[in-house]
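The block underneath contains the structure these notes are about, expressed in structure tokens.
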Amino acid sequence: MAERAGTRTCVIALDVGGTSMKGALLDRAMRPLTTRRGATPRHQGPEATVDAITRLLRDLASEAVRIGVAPVTAGVVVPGIVDEPAQRAVHSVNLGWRDLPLAAVLTNATGLPVRIGHDVRAGGLAESRLGAARGFDDALFVAIGTGISAALVIEGRPLRAGGYAGELGHLTVAAGAGRCACGRSGCLEAVASARAIAAAYTARSGHEVEGAEEVAALVARADPMACRVWERAVEALAEAFAACATVLAPEVIVVGGGLSRAGGLLLAPLRVALDRRLSCQRRPELVRAALGAQAGCFGAGLLGWEAADALPAAGAPADPVSDRVSHRVADRVGGRL
Ligand SMILES: [Zn+2]
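In the numbering used here, the protein residues as written are 6 to 342.
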């Protein structure tokens, strides 16, 4: 989209999570101009959530005007099954909506062109363009938090498959035993998510922990029970990653989400366990995500700028943001959201 001379522009980026929303105004170089946070009122139903998204978008649009920047589009990423070509939020267990034409609803409510996307796929795109997978054509991004979800970038393009690609958390693994949120047993997510790790430690030790971070701290102190729970999770993740390496052959596997904060405590044994399972496959590098909890919001911003570039421009040829951004932002995405 052609920018009018003298007018600074930005996009609104919004990452809608199960409990909170992270918003930002991002300029062409993906620098955050301002940030906003909000609660996701998911217990009040999908309409309340859509209203809260609308309010936060309007608030950010007003803030853009206040600081003298024109918002051109908004990128909004959400969890669940998202049909990006149709711009519909097909299903989200967490947020309770079904087959919602979310982009159209938000465009009508805000007056801004809104492009929606899937939170983890957008995070994977951001890691691929701006973060730890930059420079790789084939990358697997795995977010390990309350659940486990993955995003694939193959030959430089996100793999969507109707919104169903990347449900790595529901791969059946040998160590899988407990009941998964999807209703089945044996899923990776029921063994290796941050929630599952905390729950397994609590169940085995009788000592209640707040979360996986506490278990990681116990592993660092060589607590035998914590080490057993951790090792089981690592082996299950390695099994799933080996399956991905065999079928999809990513050059790099980027580990993100809350559990990635464990750093080497997770990645070092995971590299060994993965290596042990590979023979003739291409061996992926295993690295920690660079954008952390900001990946989804940066991904939403990338979608926003792609939408901006797709808008009819007066006489100016489209100039894909992807190339410009990856050149300019490169090592500068230090800008914290
Ligand atoms: Zn499952």
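The C-beta atom is built at its ideal place from N, Cα and C for all residues, glycine as well.
Heavy atom of ligand 1 within 7 Å of residue i beta-carbon
{"i": "histidine 48", "result": "no"}
{"i": "arginine 200", "result": "no"}
{"i": "arginine 288", "result": "no"}
Contact with chain C by residue i, beta-carbon distance below 8 Å
{"i": "valine 55", "result": "Of the protein chains in this structure there is only one, and it is not chain C."}
Residue i vs residue j beta-carbon contact at 8 Å
{"i": "glycine 168", "j": "valine 95", "result": "yes"}
{"i": "arginine 293", "j": "alanine 137", "result": "yes"}
{"i": "valine 74", "j": "threonine 14", "result": "yes"}
{"i": "leucine 130", "j": "leucine 296", "result": "no"}
{"i": "alanine 313", "j": "valine 77", "result": "yes"}
{"i": "leucine 173", "j": "leucine 253", "result": "no"}
{"i": "alanine 53", "j": "threonine 40", "result": "no"}
{"i": "threonine 202", "j": "valine 234", "result": "For the record, residue 202 in the displayed sequence is isoleucine; it is not threonine. Yes."}
{"i": "alanine 69", "j": "leucine 117", "result": "no"}
{"i": "valine 125", "j": "alanine 148", "result": "yes"}
{"i": "glycine 43", "j": "proline 84", "result": "no"}
{"i": "methionine 230", "j": "arginine 209", "result": "yes"}
{"i": "glycine 268", "j": "glycine 128", "result": "no"}
{"i": "valine 21", "j": "threonine 59", "result": "no"}
{"i": "arginine 237", "j": "alanine 195", "result": "no"}
{"i": "histidine 123", "j": "valine 81", "result": "no"}
{"i": "valine 16", "j": "tryptophan 310", "result": "yes"}
{"i": "glutamate 132", "j": "phenylalanine 146", "result": "yes"}
{"i": "leucine 62", "j": "leucine 19", "result": "yes"}
{"i": "valine 224", "j": "leucine 270", "result": "yes"}
Burial state of residue i, where buried means 16 or more other Cβ atoms lie within 10 Å
{"i": "histidine 175", "result": "buried"}
{"i": "serine 97", "result": "buried"}
{"i": "arginine 184", "result": "exposed"}
{"i": "leucine 316", "result": "exposed"}
{"i": "alanine 321", "result": "Because alanine 321 sits at a pLDDT of 47, beneath the cut-off of 50, its placement in the model cannot be relied upon, and the point is left open."}
{"i": "cysteine 192", "result": "buried"}
{"i": "proline 289", "result": "buried"}
{"i": "glutamine 49", "result": "exposed"}
{"i": "serine 198", "result": "buried"}
{"i": "arginine 71", "result": "exposed"}
{"i": "arginine 337", "result": "Reliability fails at arginine 337, whose pLDDT of 40 lies under 50, so the model's placement of it is uncertain and the value that follows must be treated cautiously. By the neighbour-count rule (16 or more Cβ atoms within 10 Å), arginine 337 is not buried but exposed."}
{"i": "proline 37", "result": "buried"}
{"i": "alanine 140", "result": "Looking at the sequence provided, one finds glycine at residue 140 rather than alanine. With fewer than 16 Cβ atoms within 10 Å of its Cβ, glycine 140 is classed as exposed."}
{"i": "histidine 212", "result": "exposed"}
{"i": "arginine 162", "result": "exposed"}
{"i": "arginine 189", "result": "exposed"}
{"i": "arginine 226", "result": "exposed"}
{"i": "proline 90", "result": "exposed"}
{"i": "alanine 166", "result": "exposed"}
{"i": "glutamate 240", "result": "buried"}
{"i": "serine 25", "result": "exposed"}
{"i": "aspartate 205", "result": "Before going on, a small fix: residue 205 reads as alanine here, not aspartate. Looking at its Cβ environment, which holds 16 or more other Cβ atoms inside 10 Å, alanine 205 is buried."}
{"i": "threonine 151", "result": "buried"}
{"i": "serine 265", "result": "buried"}
{"i": "alanine 109", "result": "exposed"}
{"i": "arginine 134", "result": "buried"}
{"i": "serine 67", "result": "exposed"}
{"i": "threonine 115", "result": "buried"}
{"i": "alanine 182", "result": "exposed"}
Exercise for the section: Please determine if the stretch 235 to 248 and the stretch 269 to 286 are in contact, where contact requires at least 3 C-beta pairs separated by less than 8 Å. Expected result: Segments in contact, yes.
Exercise for the section: Could you tell me whether the stretch 252 to 260 touches the stretch 95 to 111, using the rule of 3 or more Cβ pairs below 8 Å? Expected result: Not touching, per the Cβ criterion.
Exercise for the section: For ligand 1, list every residue whose C-beta falls under 7 Å from any of its heavy atoms, going in chain order. Expected result: Cβ atoms closer than 7 Å to ligand 1 belong to Gly174, His175, Cys185, Ala186, Cys187, Arg189, Cys192, Glu194 and Ala195.
Exercise for the section: Spell out a yes or no on whether the stretch 213 to 232 and the stretch 246 to 255 are touching, meaning 3 or more CB-CB pairs, one atom from each, closer than 8 Å. Expected result: No, because fewer than three Cβ pairs between the stretch 213 to 232 and the stretch 246 to 255 fall closer than 8 Å, the two stretches do not touch.
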